[in-house]
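Q: Counted the way full-length UniProt numbering counts, the sequence shown spans residues 1 to 237. Glycine included, C-beta positions come from ideal geometry on N, C-alpha and C.
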Amino acid sequence: MSVPPQPHVLPELPGVTLLLKRSARARRISLRVSRIDASVSLTLPERASVAEGLAFARAQAGWLRQALSRMPRPQPVAFGMTLPVEGRALLLVPGRARAPVIEGDWLVVGEDPARLGIRVETYLRHLARLRLQQATERYAAALGRPFRKITLRDTRSRWGSCAADGSLSYSWRLAMAPPSVLDYVAAHEVAHLAQMNHSPAFWAVVARLRPDYATHRAWLKREGGALQAIRFRGDGG
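1) Rounded to the nearest angstrom, what separates N197 and L64 at their Cα positions?
2) Give the C-beta separation of M71 and A38 to the nearest angstrom, bearing in mind that I take them to be a contact with Cβ-Cβ under 8 Å.
3) Starting from P179, trace the alpha helix (DSSP H) in both directions and tell me its first and last residue.
4) Using the three-state DSSP reduction, which class does T155 fall into: helix, strand or coil?
5) Can you give me the C-alpha to C-alpha distance between S49 and Q6, rounded to a whole angstrom?
6) With 9 Å as the threshold, decide whether the Cβ of R125 is near any Cβ in chain D.
7) Report buried or exposed for M1, applying the criterion of at least 16 other Cβ atoms within 10 angstroms of its Cβ.
8) Where does F232 land, buried or exposed, given buried means 16+ other C-beta within 10 angstroms?
9) Do the CB positions of V181 and A194 come within less than 9 Å of each other?
10) What residue does the beta strand (DSSP E) around G95 start on, and which one ends it?
11) So, for V85: in the same chain, excluding its five sequence neighbours on each side, which residues have a beta-carbon less than 8 Å away from its beta-carbon?
12) According to DSSP, simplified to helix, strand and coil, what is V77?
13) From this set, V77, D105, A99 and R98, which residue's C-alpha is nearest A89's C-alpha?
14) Looking at the structure shown, is residue 238 part of a helix, part of a strand, or coil, going by DSSP?
15) Please confirm if the segment 200-215 is in contact with the segment 44-61, defined as three or more CB-CB distances below 8 Å between the two stretches.
16) Measure the CB-CB distance between R148 and G160 and report whether it falls below 9 Å.
17) In whole angstroms, give me the CA-to-CA distance for L168 and V33.
18) DSSP three-state call for E52: helix, strand or coil?
19) Fully enclosed by the segment 99-167, which beta strand (DSSP E) runs are 3 residues long or longer?
20) Which word fits D183, buried or exposed, when buried means at least 16 other C-beta atoms lie within 10 angstroms of its C-beta?
Right, dumping it as structure tokens:
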């Protein structure tokens, strides 16, 4: 049974929570900042002590501060801002219609600022479900592997996942990415229906479904943090 990461806070790094985890495959202590959600992971080999891991983190405090400073800052949704929708930069403007609607380079949303975030999030969720359902069905048919169901979540550590029972989960924030990027994530997760790992055999399946996958994978690594930084609710969601 895998042990969930254990949170640790160091006085030298106020406001930063280290997620400490052990790995049988790790040969040395490592510190990593997620490009998706800016979470900080401290990975220890099986024989390393927690004290050794925390000492390593203290020694890397300067690097860690610099890495975190480069991460996109949270951006609350507001009228007048530019929001990516399927890779297009749309200006959020108030209008009379309750349901958001695209008009040229605008995303027109109901005039109530207090409802703006939830209305835009609901719109993106519907869009993500439509696009991901279509892409998943297409790739599952091409691979000849059925899937059980699709679930949308606001996951911060990954863009998608595949369970052993064939259930697929995606981040609805993919609706903000270019369609080809969303399409790649669907291909990636469907490939797990054939290979529940990230072995060369798995990537061969991905390449068969989406030959240009590397371009879209790189886009997510480069730009995904900005999508995660957009806040639609006051609680940070």
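A: Put simply:
1) 30 Å
2) 4 Å
3) P179 to A191
4) coil
5) Straight through space, the alpha carbons of Q6 and S49 are spaced by roughly 13 Å.
6) As a matter of chain content, chain D is missing from the structure shown, which is built from one protein chain.
7) Caution is warranted here: a pLDDT of 43 is assigned to M1, below 50, making its placement in the model unreliable, and no coordinate value can be reported.
8) Counting the other CB atoms within 10 Å of its CB gives F232 a total of 16 or more, which places it among the buried residues.
9) no
10) R88 to G95
11) I102, L107, L124, L127, A175 and M176
12) coil
13) D105
14) In the structure displayed, the chain extends from 1 to 237; residue 238 sits before or after that span and is not available.
15) no
16) Going by C-beta atoms, R148 is not nearer than 9 Å to G160.
17) 26 Å
18) helix
19) 101-103, 106-110, 149-153 and 160-162
20) buried
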